[in-house]
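Chains as they are written, first to last, in this note's numbering: chain A, 1 to 96; chain B, 1001 to 1335.
Cβ coordinates follow ideal geometry from the N, Cα and C atoms, glycine included.
A short worksheet on the structure shown next.
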Amino acid sequence: MSSSTDWPLWEVFVRSRRGLSHTHAGSLHAPDAEMALRNARDLYTRRSEGVSLWVVPSTAITASSPDEKDSFFEPAGDKPYRHPTFYEIPDGVKHL
Amino acid sequence: MATAAAHTAAGTEPGEAAHPAASSARTAEQQAAFDEAVAADERIEPRDWMPDAYRATLVRQIAQHAHSEIIGMQPEANWITRAPSLRRKAILMAKVQDEAGHGLYLYSAAETLGTSREELLDKLHSGRQKYSSIFNYPTLTWADVGAIGWLVDGAAITNQVPLCRCSYGPYARAMVRVCKEESFHQRQGYESLLALSRGTKAQHEMAQDAVNRWWWPSLMMFGPPDDESSHSEQSMTWKIKRHSNDELRQRFVDICVPQAESLGLTLPDPDLVWNEARGHYDFGPIDWTEFWAVLKGNGPCNDQRITQRRRAHEEGVWVREAAAAYAAKHGKATA
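Pasting the structure below:
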């Protein structure tokens, strides 16, 4: 551990019900994964908000940089032909 | 709340300082992008560039808010062991637990701005950061628990609902969660006061006495009048705040008057009267001398609250150390 007495930071993901994906709910400090799960249960599902929890060490996440947002996502910008609305279909054609 | 990798301030590139002209042009560009995002009602996220003063204002406000949540556990926890029924006891315990949770949401939000939990707690314990002065008043009777739920949580909700649209994403998201949970707090308080108000004469008087003592401090929770509020204008421009202190206070008074009537209790203000022309209730002058005195540390319970908070933290050292030792031994710690 570093000189800080803070426990490591964990990101918490909650699946609200079966069939939905886990969604980021927030973060918390905990000494280990097991405690992180218990703390996450007490902090983020006090009102039965979830049926499944993930905790991930915050340091394990690599995020894209907001500074490079434009150039990073730029390649998709000039490809409207990836969307179905790009194509013109004559009136009356059905099931397409 | 916190997003991963959010804990380093983004925006400055290494070596930039060596080229002051290029750096200031870059800053102007970033400032313009920030202003534009705020004006367009977009959210600012942890890794976005933001002005230093915006960051500092948010840290101060979110920290104060987080501190208020956990200090606020004390006056109410005072009554857990003496709750009049098992039902009221379970409700009160759930509420106090919620306040701890709200504190944690908010500390996480503050940490996305590059401050640490340890630093925040240290500043609370050493008095360098404040908490809401309302929690420096004592809870003298059981009815105070009801009055706090109705009035103190009611005032907090009035303050917090607009914060759900605050320009800083993690704070706004924490507020959405807090507001959802807070409505039970207010309703349980109202219900409890109603039971007392309709009870025996002594119970009714106890409820009235609690309302008499909590009404004015609740109005002070909205902060100083607009013309004396030092941070208000800038916070409004930054869309951290959406309404002025006086505006929110008026909204709260207008909501409370009919609620008090339904309770069968009165509010301790002889000047409280409906003003047809304004479409609002007029109310009497607030004793700001008292507000500033409590804020400066001279309220009835300032010392008690901080002493108790420090003691709880110090007495928890062995738990934190044991958990860390266990994690180290079993190799599950990751940082």
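Check                                                                                                                                                               : Outcome
Under 7 Å Cβ to Cβ from H1243/B, same chain only, skipping five residues before and after it: list those, please.                                                   : P1162
On the DSSP letters alone, give me the boundaries of the alpha helix (DSSP H) that H1065/B sits inside.                                                             : D1052 to I1071
So with Cβ pairs under 9 Å, would you call Q1188/B a contact of chain A?                                                                                            : no
What residues match up with G26/A in a beta bridge as DSSP calls it?                                                                                                : V12/A
Give the residues from the stretch 3-32 of chain A that approach chain B closer than 9 Å (Cβ to any Cβ), ordered along the chain.                                   : S4, T5, D6, W7, P8, L9, W10, E11, V12, H24, A25, G26, S27, L28, H29, A30, P31 and D32
Using the C-alpha atoms, what's the distance from T1081/B back to A1202/B?                                                                                          : 21 Å
In angstroms, rounded to a whole number, what distance separates the CA positions of R1088/B and A1143/B?                                                           : 12 Å
Quick check: is the beta carbon of R1320/B nearer than 9 Å to any beta carbon in chain A?                                                                           : yes
Grouping DSSP H, G and I as helix and E and B as strand, with all else coil, what is H83/A?                                                                         : coil
Within 10 angstroms of its Cβ, does W1274/B collect 16 or more other Cβ (buried), or is it exposed?                                                                 : exposed
Once the 5 residues before and after A1004/B are set aside, which same chain residues still bring their CB inside 8 Å of it?                                        : With a pLDDT of only 41 at A1004/B, under the threshold of 50, the placement of this residue in the model should not be trusted; the figure read from the coordinates follows. Excluding positions up to five away in sequence, the list is empty.
Measuring straight from C-alpha to C-alpha, what distance separates H1102/B and A1066/B?                                                                            : 7 Å
At what residues does the beta strand (DSSP E) containing S58/A begin and finish?                                                                                   : Per DSSP, S58/A belongs to no beta strand (DSSP E) and is neither H nor E.
Looking at the structure shown, is G1189/B part of a helix, part of a strand, or coil, going by DSSP?                                                               : helix
So, for G1264/B: in the same chain, excluding its five sequence neighbours on each side, which residues have a beta-carbon less than 6 Å away from its beta-carbon? : S1197
What residues in the stretch 49-71 of chain A bring their beta carbon closer than 8 Å to a beta carbon of chain B?                                                  : V56, P57, S58, T59, A60, I61, T62, A63, S65, P66 and D67
Against H1330/B, what residues of chain A qualify as contacts under a CB-to-CB distance less than 8 Å, listed in chain order?                                       : D32
Can you list, in chain order, the residues of its chain whose CB lies under 6 Å from that of I1134/B, leaving out five sequence neighbours each side?               : V1152, P1217 and M1221
Taking the C-alpha atoms as reference points, what is the distance between T1334/B and T1112/B?                                                                     : The predicted model places T1334/B with a pLDDT of 48, which falls under 50 and marks its position as unreliable; any figure quoted below should be read in that light. Using only the alpha carbons, I get a separation of about 19 Å.
Compare the beta carbon distance of L1092/B and A1100/B with 9 Å and say whether it is the shorter of the two.                                                      : no
In three-state DSSP terms, what is D91/A?                                                                                                                           : coil
Does M1206/B pass the burial test, meaning 16 or more other C-beta atoms within 10 Å, or should it be called exposed?                                               : buried
Anyone know if the C-beta pair for W1214/B and I1148/B falls short of 9 Å?                                                                                          : yes
What are the residues of the stretch 1112-1140 of chain B that lie near chain E, defined by any Cβ-Cβ distance shorter than 7 Å?                                    : No chain E appears in this structure, whose protein chains are A and B.
With a cut-off of 8 Å on the beta carbons, I'd call E1076/B and V1096/B a contact; round off their distance for me.                                                 : 6 Å
Compare the Cα-Cα distances from K69/A to each of K1241/B, I1240/B, E1181/B and R1047/B and report the closest residue.                                             : R1047/B
Strictly below 7 Å CB to CB, what residues from chain B border L43/A?                                                                                               : G1101 and L1104
Shorter than 9 Å from the beta carbon of R1177/B to some beta carbon of chain A?                                                                                    : yes
Which residue spans inside the stretch 1246-1306 of chain B form an unbroken beta strand (DSSP E) run of at least 3?                                                : 1273-1275 and 1280-1282
Counting Cβ pairs closer than 8 Å, one from the stretch 41-54 of chain A and one from the stretch 77-90 of chain A, do we hit at least three?                       : no
Measure from the C-beta of Y1281/B to each C-beta in chain A and report whether the shortest distance is under 9 Å.                                                 : no
Relative to chain A, which residues along the stretch 1232-1249 of chain B have a C-beta separation below 8 Å, given in chain order?                                : none
Alpha carbon to alpha carbon, what distance is there between L1193/B and E1290/B?                                                                                   : 26 Å
Within the 9 Å Cβ cut-off, does R82/A reach chain B?                                                                                                                : no
Could you tell me the alpha carbon to alpha carbon distance between S48/A and P1270/B, rounded to whole angstroms?                                                  : 46 Å
Between P8/A and L1219/B, what straight-line distance do the alpha-carbon atoms span, to the nearest angstrom?                                                      : 40 Å
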